[in-house]
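Protein chains in written order, with the UniProt record's numbering: chain A, 1 to 344; chain B, 1 to 344.
Using N, Cα and C, we set each Cβ at its ideal position, and we do this for glycine too.
Protein chains: 2
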Amino acid sequence: MRATVIHGAGDVRVEQVPDPSLREPTDALVRVSLTCICGSDLWPYKSMGADDAGQRIGHEFLGVVEEVGSQVTGLRAGDLVVSPFTFSDGSCDFCSESLQTSCVHGGLWGTNGTDGAQGEAVRVPYADGTLVKLPVEPDSELLPALLTLADIFPTGHHAAVSAGVRPGDTVTVVGDGAVGLSGVLAASRLGAERIIIMGRHTDRTDLAREYGATDVVPERGDEAVERVRELTGGQGTRSVLECVGTGESLSTALRLARDGGRVGYVGVPQDGGGVDARELFMRNVGLAGGVCPARSYIPELLPDVLSGELDPSRVFDHTTDLDGVPDGYRAMTDRESLKVLVRP
Amino acid sequence: MRATVIHGAGDVRVEQVPDPSLREPTDALVRVSLTCICGSDLWPYKSMGADDAGQRIGHEFLGVVEEVGSQVTGLRAGDLVVSPFTFSDGSCDFCSESLQTSCVHGGLWGTNGTDGAQGEAVRVPYADGTLVKLPVEPDSELLPALLTLADIFPTGHHAAVSAGVRPGDTVTVVGDGAVGLSGVLAASRLGAERIIIMGRHTDRTDLAREYGATDVVPERGDEAVERVRELTGGQGTRSVLECVGTGESLSTALRLARDGGRVGYVGVPQDGGGVDARELFMRNVGLAGGVCPARSYIPELLPDVLSGELDPSRVFDHTTDLDGVPDGYRAMTDRESLKVLVRP
Numbered sequence: 001m002r003a004t005v006i007h008g009a010g011d012v013r014v015e016q017v018p019d020p021s022l023r024e025p026t027d028a029l030v031r032v033s034l035t036c037i038c039g040s041d042l043w044p045y046k047s048m049g050a051d052d053a054g055q056r057i058g059h060e061f062l063g064v065v066e067e068v069g070s071q072v073t074g075l076r077a078g079d080l081v082v083s084p085f086t087f088s089d090g091s092c093d094f095c096s097e098s099l100q101t102s103c104v105h106g107g108l109w110g111t112n113g114t115d116g117a118q119g120e121a122v123r124v125p126y127a128d129g130t131l132v133k134l135p136v137e138p139d140s141e142l143l144p145a146l147l148t149l150a151d152i153f154p155t156g157h158h159a160a161v162s163a164g165v166r167p168g169d170t171v172t173v174v175g176d177g178a179v180g181l182s183g184v185l186a187a188s189r190l191g192a193e194r195i196i197i198m199g200r201h202t203d204r205t206d207l208a209r210e211y212g213a214t215d216v217v218p219e220r221g222d223e224a225v226e227r228v229r230e231l232t233g234g235q236g237t238r239s240v241l242e243c244v245g246t247g248e249s250l251s252t253a254l255r256l257a258r259d260g261g262r263v264g265y266v267g268v269p270q271d272g273g274g275v276d277a278r279e280l281f282m283r284n285v286g287l288a289g290g291v292c293p294a295r296s297y298i299p300e301l302l303p304d305v306l307s308g309e310l311d312p313s314r315v316f317d318h319t320t321d322l323d324g325v326p327d328g329y330r331a332m333t334d335r336e337s338l339k340v341l342v343r344p
Numbered sequence: 001m002r003a004t005v006i007h008g009a010g011d012v013r014v015e016q017v018p019d020p021s022l023r024e025p026t027d028a029l030v031r032v033s034l035t036c037i038c039g040s041d042l043w044p045y046k047s048m049g050a051d052d053a054g055q056r057i058g059h060e061f062l063g064v065v066e067e068v069g070s071q072v073t074g075l076r077a078g079d080l081v082v083s084p085f086t087f088s089d090g091s092c093d094f095c096s097e098s099l100q101t102s103c104v105h106g107g108l109w110g111t112n113g114t115d116g117a118q119g120e121a122v123r124v125p126y127a128d129g130t131l132v133k134l135p136v137e138p139d140s141e142l143l144p145a146l147l148t149l150a151d152i153f154p155t156g157h158h159a160a161v162s163a164g165v166r167p168g169d170t171v172t173v174v175g176d177g178a179v180g181l182s183g184v185l186a187a188s189r190l191g192a193e194r195i196i197i198m199g200r201h202t203d204r205t206d207l208a209r210e211y212g213a214t215d216v217v218p219e220r221g222d223e224a225v226e227r228v229r230e231l232t233g234g235q236g237t238r239s240v241l242e243c244v245g246t247g248e249s250l251s252t253a254l255r256l257a258r259d260g261g262r263v264g265y266v267g268v269p270q271d272g273g274g275v276d277a278r279e280l281f282m283r284n285v286g287l288a289g290g291v292c293p294a295r296s297y298i299p300e301l302l303p304d305v306l307s308g309e310l311d312p313s314r315v316f317d318h319t320t321d322l323d324g325v326p327d328g329y330r331a332m333t334d335r336e337s338l339k340v341l342v343r344p
């Protein structure tokens with residue numbers, strides 16, 4: 001079959017790879033209907049060292065079950081399913097506490113010999129613990145929206161939950177990428193009254209407004225902090241969603257928080273900087289978040305997507321087939337595209 | 001009157017200072033019955049630059065109201081009161097949200113021209129918002145225990161609350177100083193089942209056991225992390241109380257937390273280090289805490305002290321008068337004393 005393989009910075013190829021097959025009785029094989037490129041895929045695309053053998057990549061997919069192992073009880077061939085961006089056994093201490101990203105048998109797609117999602121098919125370990133069955137037809141128009149349940153919508157939701165967003169809240173969202181926009185949608189869904197998005201790309205901030213943002217702050221760093229304080233009676237916002245992942249953005253996020261407030265961070269930290277406890281101490285600002293246990297949030301978010309109440313798929317502004325994936329990486333890196341949807 | 005003045009590292013003196021008097025109609029004058037030396041007083045004692053004029057010091061006191069301003073409505077001369085270690089107006093946005101440490105008119109004792117607590121009397125701004133009346137006689141044996149409500153007991157409680165301690169929880173307390181021991185007591189009060197204290201002073205860890213600690217870990221750094229993991233099935237504890245304030249102790253605290261767990265920190269951060277979001281991201285470990293809004297916790301903690309159910313005063317192992325304060329600083333710095341009680 002064909003799948004995307006990254007060989008180093010700027011070097012993404014679509015190649016022939018071995019067809020996946022069941023290895024464990026708890027596996028399932030899924031034929032990928034939809035996948036996409038994630039902002040976090042761009043980090044290796046920008047910085048990975050050259051690697052002749054290459055590494056499978058992609059971690060968001062939705063597709064049809066083709067075959068299940070003998071111990072898979074909740075799924076069968078023909079089921080339409082979405083996978084969170086990590087697999088998990090569904091039964092360990094952490095899975096039972098809804099922290100599937102810490103599953104003792106779990107892992108990320110494309111690492112340690114598992115398949116990446118940007119390909120024609122994926123072998124899914126612990127299929128019962130990992131996959132979520134979708135009650136729609138395989139040709140439903142909702143598929144792109146349902147694909148966002150693999151990562152970005154739950155990740156935006158995780159930022160909002162980690163930041164303690166409550167009805168009536170004031171919220172700042174740092175980052176106008178797909179996750180930041182999902183964070184706006186999630187904060188709005190949780191009842192936030194005022195949502196300030198930091199961003200300077202009008203097409204993105206326009207979508208943010210449609211998702212519920214009430215204010216747009218194009219400034220960064222000190223100027224952004226000053227601007228948000230101006231907008232909030234000098235106080236900052238009780239909740240801040242950090243959806244970028246640099247030390248600078250994290251530092252800004254912490255300063256944007258109102259005294260006693262909380263920053264929920266989901267941007268993959270690219271450096272060790274940004275958090276100085278002295279800055280937070282006198283103001284009792286907290287920090288929570290991390291890699292999103294998407295599996296635990298899908299059941300909560302699914303109904304709002306199925307009903308059409310929310311459409312998190314509007315972040316997809318380009319669609320391509322597998323052959324277009326390398327150019328999709330380039331387009332997202334050059335900010336020509338916000339997020340690329342892929343139909344293998 | 002006489003009060004303690006710090007003139008630089010290692011240079012604490014008891015001097016004649018002007019008698020305090022009412023300045024604002026919201027002030028009260030309090031004759032100090034009991035005060036004490038705090039671990040955080042030792043930071044300037046170790047590092048402050050030489051200052052001829054000197055600075056009043058001390059922030060924990062309990063005493064009798066001598067005089068109140070015309071706008072003070074909740075107190076009158078003769079009332080026995082305890083003061084939290086910050087003063088606050090009791091009416092601003094933050095005070096009404098129980099975050100009196102962020103009061104827009106508030107401050108710390110001994111700064112910006114306010115009196116320090118280690119003296120014979122204190123002018124208290126915003127007396128109604130700051131002071132808490134104590135329903136005991138001025139000669140009650142409970143006074144030392146009630147004095148702990150000024151700082152260390154609520155601060156230990158704040159660490160436990162910030163770390164999200166719940167009934168049945170596993171907890172690690174980093175630091176065996178007075179605040180760490182108060183944290184043990186507070187975690188135990190909140191129903192923690194297993195409490196591991198990190199410390200290597202047997203007299204302190206013995207008291208920790210009496211306060212509810214179930215395990216003592218004398219190791220530090222990597223070895224401590226390994227030992228706590230051994231004690232907890234490889235997982236670490238869901239809640240960690242950081243009661244020291246160095247980058248090293250904060251870093252250790254974050255590594256001691258179980259995936260999905262939370263560190264409550266109350267040690268005044270002495271350097272900017274200790275928090276690397278990369279360490280926390282994959283494990284969804286959160287950080288909360290800061291300077292304790294003691295004023296908000298006193299009403300909750302007071303009944304357990306009044307009833308004798310809890311005795312947080314056991315951290316006082318030396319008692320002196322004002323003349324003994326300089327030697328008290330030395331004794332605490334040399335770890336001859338855990339915490340010095342002062343009867344001016």
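- Residues of the segment 255-276 of chain A with a C-beta less than 7 Å from any C-beta of chain B: ASP259, GLY260, TYR265, VAL268, PRO269, GLY272, GLY274, VAL275 and ASP276, listed in chain order.
- Taking a beta-carbon distance threshold of 8 Å, ARG2(A) does not count as an interface residue toward chain B.
- For GLY119(B), the secondary structure class from DSSP, reduced to helix, strand or coil, is strand.
- Interface flag for MET48(A) against chain B is unset, since no Cβ pair is found closer than 8 Å.
- Taking 8 Å as the upper bound for CB-CB distance, PHE153(B) and LEU301(B) are in contact here, some 6 Å apart.
- Out of GLY233(A), GLY236(A), GLN235(A) and TYR265(A), the CA that lies nearest to the CA of GLU248(A) is found in TYR265(A).
- If you draw a 10 Å sphere on the C-beta of GLU223(B), you find fewer than 16 other C-beta atoms in it, and that means exposed.
- In summary, no residue of the segment 308-330 of chain A has a CB separated from any CB of chain B by less than 7 Å.
- The beta carbon of ALA145(B) lies closer than 7 Å to those of VAL305, ASP311, PRO312 and SER313 in the same chain, with the five residues before and after it left out.
- When 7 Å is used as the limit between beta carbons, PHE281(A) is near these residues of chain B: VAL268, PRO269, GLY290 and VAL291, in chain order.
- Given a length threshold of 4 residues, each whole run of the alpha helix (DSSP H) inside the UniProt domain "Alcohol dehydrogenase-like C-terminal" (178-303) of chain B is given here in chain order: 178-189, 202-210, 221-231, 247-256 and 277-281.
- Under DSSP, ILE57(B) forms no beta bridge with any residue.
- Across the structure, GLN235(B) and THR202(A) are spaced so that their CA atoms are roughly 45 Å apart.
- Not a single C-beta of chain A is nearer than 8 Å to the C-beta of ARG194(B).
- About 7 Å separates the CB atoms of LYS339(B) and ILE37(B); that is less than 8 Å, so the two are in contact.
- The beta-bridge partner set that DSSP reports for HIS318(B) consists of VAL340(B).
- Within 8 Å of the CB of GLY177(B), no CB atom of chain A is found; the nearest one sits about 17 Å away.
- For ASP11(B), the enclosing beta strand (DSSP E) stretches over residues 11-16.
- Going by beta carbons, LEU250(A) and VAL275(A) fall inside the 8 Å limit.
- Taking all protein chains shown into account, ALA257(B) has 16 or more neighbouring C-beta atoms within 10 Å of its C-beta and is therefore buried.
- The C-alpha of GLU279(A) is placed about 13 Å away from the C-alpha of GLY273(A).
- For LEU287(B), the chain A residues whose Cβ falls inside 9 Å of its Cβ are VAL275, ALA277, LEU280, GLY286, LEU287 and ALA288, in order along the chain.
- The CB of GLU97(B) comes closer than 7 Å to the CB of GLY260 in chain A, given here in chain order.
- In the structure shown, the three-state DSSP call for SER98(A) is coil.
- From the listed residues HIS59(A), VAL81(A), GLY54(A) and GLN55(A), the smallest Cα separation to GLU67(A) is found for VAL81(A).
- A check of alpha carbon separations from VAL268(B) across THR26(B), ARG13(B), VAL65(B) and SER40(B) identifies SER40(B) as the nearest.
- Closest in alpha carbon position to SER33(A), among GLY63(A), PRO44(A), THR148(A) and HIS318(A), is GLY63(A).
- Contact annotation: ALA77(A) and GLY8(A) have beta-carbon atoms that are not nearer than 8 Å.
- For LEU146(B), the enclosing alpha helix (DSSP H) covers residues 143-147.
- Closest by C-alpha distance to ARG23(B), out of CYS92(B), ARG13(B), CYS95(B) and VAL122(B), is VAL122(B).
- Taking 9 Å as the upper bound on Cβ-Cβ separation, chain B lies near residues LEU99, THR101 and SER102 of the segment 99-115 of chain A.
- Membership of LEU29(B) in any alpha helix (DSSP H) is not indicated; the residue belongs instead to the beta strand (DSSP E) covering 28-36.
- Judged by DSSP secondary structure, LEU80(A) falls within the beta strand (DSSP E) whose first and last residues are 80-83.
- Listed by position along chain A, the residues whose Cβ is nearer than 7 Å to that of LEU250(B) are ALA277.
- By the beta-carbon neighbour count (other beta carbons within 10 angstroms, threshold 16), THR320(A) is buried.
- Contact annotation: in the segment 50-67 of chain A, no residue has its CB less than 9 Å from a CB in chain B.
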